[in-house]
Amino acid sequence: MPLLALVGALLLLGVGLAATGNDATAALVAMVRGAFGSPYAFFSQTLLRATPLIILGLAVAFAFRSGALNIGAEGQFYAGAIAATWAGVRCAGLPPMIAVCWVLCAGCVAGMAWGAVPAWLRVRFGVLEVISTLLLNFVAESVVSWMVTGPLQEARRAYPQSDPIAISAHLPLLTGRLHLGFLLALILAGVLWAFFGWTRLGFEFRAAGAGPKAAETIGRIPVRRRVAQALLVSGAIAGLAGAIEVSGVSYALFQSLSPGYGFTAIAVALLARLDPRAVVLSGILFGALEAGAAGMQRDAGVPSVIVYVIEAVVIIVVLVAGRRRAVPKSPEDPG
Amino acid sequence: MDLLLVTGFLAATLRIASPLLLAATGELIAERAGVLNLGIEGAMLAGALASALAGTMWGPEAGVIVAVLAGMMMTSIVALIAVRARADQVITGTAVTLGAVGLTGAIYRMTLGSGNSEQTLETLRYPWTLTLLACAAVPLCHFTFYRTRWGLALRATGEDREAAEANGVAVERMQSVALLIAGAFAGLGGAVLVLGQVGSFAEKMTAGRGFVAIAIVVLGRWRPFGVLGAALAFGALQALQYLLQGMGFDLPYQLFLVLPYGVTLLALAGVVGRARAPAGLGK
């Protein structure tokens, strides 16, 4: 079904392009070539872009499954990226293994802190996390913009970007531009799958999302606490994605580090029906879409932003097909 | 204090507040009918692009009308998916906004932004007419909500759809109509930005104003005049930037970009406990 949605969306794109006087076949061919045309395209474009999408998709899936509607992965990603950059420019003397761990930890902690705000607002004041996480995205973007023109700006103060992080903090490369972060994403997916499927705590998180009332009364699960914790964990995972992007791809902080990865990740998680294993596949799929869109823009002159329309169509089709099964209702409505 | 600074501050407040007030009024109507419409950002964006396109071709007045239609088109998708098919409102709205970002970006790059468009966009001769319209919509909205049968039915739908249905309200139609009105207002908000203020379209130019409008509705405690006050407060907060700069304070401009969001979060924490959302919101 999800695949059908994707094929349908691509067909729709083809029809739309043909109707507006573009060469639809050339565009779609350019798209496939951009994503799968060569080993470089696949490993250094598709999988490279898939890495943040998988990790952020896992962050979103974790929150949604536990009944926390976290749509602030973008902001948490940026929080992680800021902290990772801050840590990365300060670890010149450290041995590589330790430097990398330190940078990734900084990202996790910052992402968790960013996720703690909506968690606290929700628990203490009953503010819907949908609204607070959404607003915090804009705050995070402004903070990045301030950081790269203020406290973290490069030494010469000419460009809106940070100093490069220390070489010892770079993630090792696997092949081409693909870095160790991709493996970390796979491992994380495995860990989360095992956590949800095999542990008591994982069951409690799932139950908090699937049936908060039943979980509270029959299962004696502290639902409010689990939902808040889910926001923290989700934030930490998203922050990790930001740190990995900095230490594996950009090596510095930029204003447009994420082309909306945090929002695409919602599509990634939904398409995977919030199953961590499937998130890997749908993350690669969306990585291919984005790499393909870049190829399409380069070779066929079709604006790459069109990929967002495809994503939107996929979300809606999957949503309608799955109705309310895809996303558990959020526990007791505050206010 | 300098008189010029003060009038400048008040003018900036009104200017910043008008697109927010329009969008928030529309969002208020949708939320009172029980629909949390996150597609509002997409509807504003669509309105902004439509007003720029139609404005270049047929003049600014036509731009306003087409913007309204474009906004309604976006929320009609929300109506179809979230109301008719009963899919999750939050995710539907997010998807519509995402799609609108892609669609407007692509259309803009193929038309106005392609570099070989030589036509220029005229702005409205009397841009404050739309501000007036925004202000006039507030008492009208209040009257409709609390003094008409239709308004009662709308509010009933938002509070308890089963009860409303049992009393003969066509719930789905009511929510769909509310969403269409919300889209019209959001489209107008986008048109104000382009035709009344900036004078051109840019990708993602609404920059989260639709989401701010959602916060304004909460801050205004789901009441028309409350929304008016909250929108003005928001405008004033951002206009503070010009006032403080005029007075010689040197602060990073990002602080003023963040301020409204930060204050909203604080205010939400303070307000939510006391104000009551429509009981059926989001269900």
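Protein sequences appear in the order of chains A and B. Basically the numbering used here = 1-based index in the first sequence + 38. Basically the numbering used here = 1-based index in the second sequence + 48. C-beta atoms are modelled at their ideal positions from N, C-alpha and C, and glycine is treated no differently.
- Residue range 299–309 is occupied by the alpha helix (DSSP H) that includes A/Thr302.
- Against chain B, the beta carbon of A/Val317 has no neighbour under 7 Å; the closest one sits roughly 16 Å away.
- Among the bridge pairs identified by DSSP, A/His217 is matched with A/Leu211.
- For A/Lys251, the uninterrupted alpha helix (DSSP H) segment begins and ends at 250–255.
- Along the segment 272–294 of chain A, none of the residues has a CB nearer than 8 Å to a CB of chain B.
- Assignment of A/Ser272 by DSSP, reduced to helix, strand and coil, places it in the helix class.
- One alpha carbon belongs to B/Ala91, the other to A/Ser104, and they sit about 30 Å apart.
- In the DSSP assignment, A/Ser200 is bridged to A/Gln191.
- Counting every other CB atom within 10 Å of its CB across the protein chains shown gives B/Asn215 a total below 16, marking it as exposed.
- Put simply, the backbone Cα of A/Leu142 is about 38 Å away from that of B/Leu267.
- The C-beta distance from A/Ala204 to A/Ala130 rounds to 4 Å, short enough to meet the 8 Å contact threshold.
- Looking at the DSSP output, A/Phe292 bridges to A/Gln199.
- Per the C-alpha coordinates, the member of B/Ala250, B/Gln293, B/Trp198, B/Leu276 positioned closest to B/Gly95 is B/Ala250.
- Residue B/Phe233 holds the alpha-carbon nearest to the alpha-carbon of B/Ile77 among B/Gln293, B/Leu307, B/Ser99, B/Phe233.
- For A/Leu42, same chain residues with a beta-carbon under 6 Å away, outside a window of 5 residues either side, do not exist.
- For A/Ile259, the nearest beta carbon of chain B is not closer than 8 Å to its own beta carbon.
- Sequence-ordered contacts of the segment 151–163 of chain B with chain A read Leu151, Gly153, Ala154, Arg157, Met158 [C-beta pairs closer than 7 Å].
- With 16 or more other Cβ atoms inside 10 Å of its own Cβ, B/Arg80 counts as buried.
- Among the residues of chain B, none has a CB under 7 Å from the CB of A/Val45; the nearest is roughly 18 Å distant.
- With a threshold of 8 Å between beta carbons, A/Phe233 makes no contact with chain B.
- The segment 112–131 of chain B makes no contact with the segment 193–210 of chain B, as fewer than three CB pairs between them are under 8 Å.
- In the DSSP assignment, B/Ile125 falls within the unbroken alpha helix (DSSP H) covering 108–126.
- Taking C-alpha positions only, A/Ala56 is separated from A/Met334 by approximately 14 Å.
- Rounded to whole angstroms, the separation of the alpha carbons of A/Val45 and A/Ala68 is 16 Å.
- Going by DSSP, B/Ser224 is part of the alpha helix (DSSP H) stretching over 219–239.
- Within chain A, no residue has its beta carbon less than 9 Å from that of B/Ala81; the closest one is some 17 Å off.
- The residues Ala102, in chain order, have a CB closer than 6 Å to that of B/Ala110 in the same chain once the five nearest residues on each side in sequence are set aside.
- Proximity of B/Gly310 to chain A, defined by a Cβ-Cβ separation below 8 Å, is satisfied.
- Ranked by how close their Cα comes to the Cα of A/Pro133, the residues A/Gly300, A/Ala248, A/Ser206 have A/Ser206 in first place.
- Listed in chain order, the alpha helix (DSSP H) runs fully inside the segment 115–173 of chain A are 134–158, counting runs of at least 4 residues.
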